[in-house]
Amino acid sequence: MTYDGVATARAVLDRLEAGIAAGDLSLLSELCAGDVVLFGSSRASFGHEETVGYLELVAQANTIKWLLDRWSVIHQDDEQLLVAAVGQVEFDDGTGPQRADFRLTLWLVREDGEWRLRHFHGSVPAA
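Below you can see the structure in the form of structure tokens.
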């Protein structure tokens, strides 16, 4: 099977953005593999329960958009996809949108025919 790794990763991020914006815990849970690890700006989450709990807090506090313009597909096969990207993240905590530079590594795995997050590491570089 061939697929566009960047488009696949972008589609998962789009679903993640939509789940956060809607506060849709069911969608956020579906997007995460059982052994997911998520490193965000404020917390490291290990496992499905911790990660979905963190995403719930993010959804309650913000809307997020990842505006990534430089991508590298590091590994791609039928079951796994590893990408890195840089750009900006836009977030709005209700006081108006703010942007910051952003770096991302994303490891996706195919489970039950769907791409799911196995590892997400997003960071805002220090000025």
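Residue 1 is where the sequence shown starts when you use full-length UniProt numbering, and the numbers rise one by one after that.
Every residue gets a Cβ at the ideal spot worked out from N, C-alpha and C, and that includes glycine.
Keep in mind it's a predicted model, so treat the numbers as computed, not measured.
Environment of residue i [buried if 16+ CB atoms lie within 10 Å]
i, result
"residue 91", "buried"
"residue 113", "exposed"
"residue 104", "buried"
"residue 85", "buried"
"residue 34", "exposed"
"residue 120", "buried"
"residue 5", "buried"
"residue 140", "The chain is shown only over 1 to 127; residue 140 falls outside these bounds and no answer can be derived."
"residue 1", "Its pLDDT being 49, under 50, residue 1 is placed unreliably by the model, and the measurement read from it follows with that caveat. Looking at its Cβ environment, which holds fewer than 16 other Cβ atoms inside 10 Å, residue 1 is exposed."
"residue 16", "buried"
Residue i CB to nearest heavy atom of the ligand FAD below 6 Å
i, result
"residue 4", "No copy of the ligand FAD appears in this structure; indeed no ligand is present at all."
Distance between beta carbons of residue j and residue i, contact taken as under 8 Å
i, j, result
"residue 99", "residue 89", "7 Å"
"residue 70", "residue 94", "No, residue 70 and residue 94 are not in contact; Cβ-Cβ is about 30 Å, not under 8 Å."
"residue 32", "residue 51", "5 Å"
In chain order, which continuous runs of the beta strand (DSSP E) of length 3 or greater are located wholly inside the UniProt domain "SnoaL-like" (10-126)? 32-39, 44-46, 63-76, 80-92, 98-111 and 114-123
Cβ contact (3+ pairs, closer than 8 Å) linking the segment 40-49 and the segment 72-88: no
Assess, as a yes-or-no matter, whether the segment 17-26 is touched by the segment 48-67 under the definition of 3 or more beta carbon pairs within less than 8 Å. In short, these stretches touch, since the Cβ pair count reaches three.
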